[in-house]
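> Questions regarding the structure given below will be posed in turn.
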Ligand SMILES: C[S@@+](CC[C@H](N)C(=O)[O-])C[C@H]1O[C@@H](n2cnc3c(N)ncnc32)[C@H](O)[C@@H]1O
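Residue numbers (this note's numbering): 30 to 492.
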């Protein structure tokens with residue numbers, strides 16, 4: 030029997046829904062393909078690394094007309110917004126905490142700005158030749174595993190990876206090294222016993238780990254052949270990249286947006302096109318474990334990175350003390366806090382989850398939800414400061430559900446944005462939402478959660 034929603038009356042959420050009802054617009058032109066990475070699979074550059082959380086070039090192309098002036102993406106991923114905006118002649122900045130994403134963005138930009146690819150091709154061929162050799166790789170070049178990556182590669186692949194790492198260390202030119210290093214990192218998954226799947230890495234049964242389920246990912250290419258294909262793709266994409274993104278280099282900042290946004294000047298941005306992490310327990314450090322280990326992250330560094338990401342996992346602890354200490358503008362912090370305090374719908378969600386704490390699959394989802402909104406509110410308050418009058422925010426996000434309780438992320442964030450001075454013009458709803466997790470579906474029935482693209486405008490006269 031299905032359990033009914035725990036909330037007998039969800040008054041505050043109903044009120045919030047009523048407040049935004051005329052701006053919740055079903056948009057048939059918004060498809061899942063558009064707001065996800067899917068459509069980038071044929072896009073030069075963007076296709077090199079499967080960053081599943083990315084959005085499409087088409088979405089950015091379309092959103093760029095929303096406002097003039099410098100463009101900012103505070104959750105830049107592989108730099109989709111920043112690259113496209115810069116390619117179109119706009120000044121563009123992307124802030125991203127995952128080095129996996131910033132490496133991809135920088136590699137795409139580097140290739141786009143090469144006059145020819147001869148030097149790259151020459152060094153890449155030398156690397157492929159080194160991989161043909163059977164010499165012992167230096168021990169210090171071996172891939173340093175963390176517990177969640179152990180057994181990801183066969184012994185031959187481990188040896189090939191060590192050879193590649195030793196080779197990369199000897200390349201003197203920074204851009205060339207970065208791009209070839211990125212190419213080597215980008216094929217780790219293909220040559221491994223793992224597959225990025227939903228929230229986790231799934232493991233092929235040939236890996237030698239003790240596994241509960243059985244998965245066979247099909248033929249696994251050798252590291253060398255996967256790399257050779259990627260190198261060919263990079264070289265083949267050069268002319269198109271030079272046309273699309275050449276001439277201007279976006280500023281890609283590697284760091285936490287919570288720390289980096291306060292460094293941007295007031296009224297310095299015309300348009301933000303972004304997609305923050307969703308409040309859905311997704312752990313980027315797990316999905317990109319192979320790539321982070323490639324980049325030298327040890328167990329402690331994994332933990333630090335997870336904690337610095339916007340809270341979206343049950344492991345995340347509050348960042349409040351740290352932010353209060355380092356925050357340059359206490360006014361923005363106070364504004365974000367006030368905006369959160371006035372969210373009756375959020376309070377209602379938290380109260381209901383608290384009242385049912387014992388039944389939650391993990392009680393830390395309560396602090397996840399609370400911290401998620403506290404941190405994104407701070408980002409919104411900062412955006413309200415840096416976006417000039419007449420500027421806009423275009424934001425992609427999903428609603429989530431915990432224990433049968435819908436969290437209307439779209440409405441709460443839009444209400445926070447209005448508290449911070451924006452006008453919510455539209456919450457564009459995709460015709461097909463997102464199903465709830467299978468465990469929740471069994472207990473609470475199927476419910477489609479809204480996937481949306483929000484549009485907020487900063488009025489010509491600030492409040
Ligand atoms: C939904 S993805 C956006 C992907 C991007 N639109 C693209 O096309 O690649 C959200 C991004 O926010 C990043 N992120 C999470 N916490 C962050 C933080 N504190 N500072 C900067 N970026 C963060 C994640 O690493 C992830 O790349």
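Don't be surprised by glycine CBs; every beta carbon is placed ideally from N, CA and C.
Does the distance between the C-beta of residue 287 and the nearest non-hydrogen atom of ligand 1 fall short of 8 Å?
yes
> Quick one: what's got a C-beta closer than 8 Å to residue 407's C-beta in the same chain, skipping five residues either side?
287, 352, 361, 362 and 365
> Tell me residue 224's beta-bridge partners as DSSP assigns them.
231
> Rounding to the nearest angstrom, what Cα-Cα distance links residue 95 and residue 113 in this structure?
14 Å
> Once you ignore the five residues that flank residue 118 on each side, which residues in its own chain have a CB closer than 7 Å to its CB?
277
> Which residues share a DSSP beta bridge with residue 424?
303 and 483
> Is it buried or exposed for residue 312, if we count other Cβ within 10 angstroms and need 16 for buried?
buried
> With DSSP run on the structure shown, which of helix, strand or coil describes residue 128?
If DSSP states are grouped into helix, strand and coil, residue 128 belongs with the helices.
> Inspect the beta-carbon positions of residue 180 and residue 232 and report whether they are closer than 9 Å.
yes
> Here's a check: name, in chain order, each residue in its chain whose Cβ is nearer than 8 Å to the Cβ of residue 79, leaving out the five neighbours to either side.
66, 218 and 225
> Does residue 430 come out as helix, strand or coil in the three-state DSSP assignment?
strand
> Give me the Cα-Cα distance between residue 349 and residue 133, rounded to the nearest whole angstrom.
One C-alpha to the other measures close to 31 Å.
> Could you round the C-beta distance between residue 339 and residue 431 to whole angstroms and report it? I think they count as a contact, below 8 Å.
Not really, about 17 Å apart at Cβ, beyond 8 Å.
> If you measure from the CB of residue 304, is any heavy atom of ligand 3 nearer than 8 Å?
In the structure shown, ligand 3 is absent; the only ligands present are ligand 1.
> How many Å lie between residue 91 and residue 461 at the Cα?
20 Å
> If I follow the unbroken beta strand (DSSP E) through residue 281, where does it start and stop?
For residue 281, the uninterrupted beta strand (DSSP E) segment begins and ends at 280 to 283.
> How should residue 74 be labelled, buried or exposed, when 16 other C-beta atoms within 10 angstroms of its C-beta is the threshold for buried?
buried
> Taking the alpha carbon of residue 240 as the point to measure from, which residue in 131, 230 and 315 has its own alpha carbon closest?
Checked all of 131, 230 and 315; the closest Cα to residue 240 is 230.
> Apart from the five residues just before and just after residue 271, which ones in its own chain have a Cβ nearer than 7 Å to its Cβ?
Hits under 7 Å: 141.
> What span of residues does the beta strand (DSSP E) with residue 55 cover, start to end?
53 to 55
> Does the distance between the C-beta of residue 102 and the nearest non-hydrogen atom of ligand 1 fall short of 8 Å?
Yes - ligand 1 has a heavy atom lying nearer than 8 Å to the Cβ of residue 102.
> Under 8 Å by Cβ, that's how I've got residue 304 and residue 84 pegged, so tell me the actual separation to the nearest angstrom.
6 Å
> For residue 216, which of 259, 245, 238 and 399 has the nearest alpha-carbon?
259
> Based on Cα-Cα distance, which residue from 298, 317, 221 and 450 lies nearest to residue 249?
221
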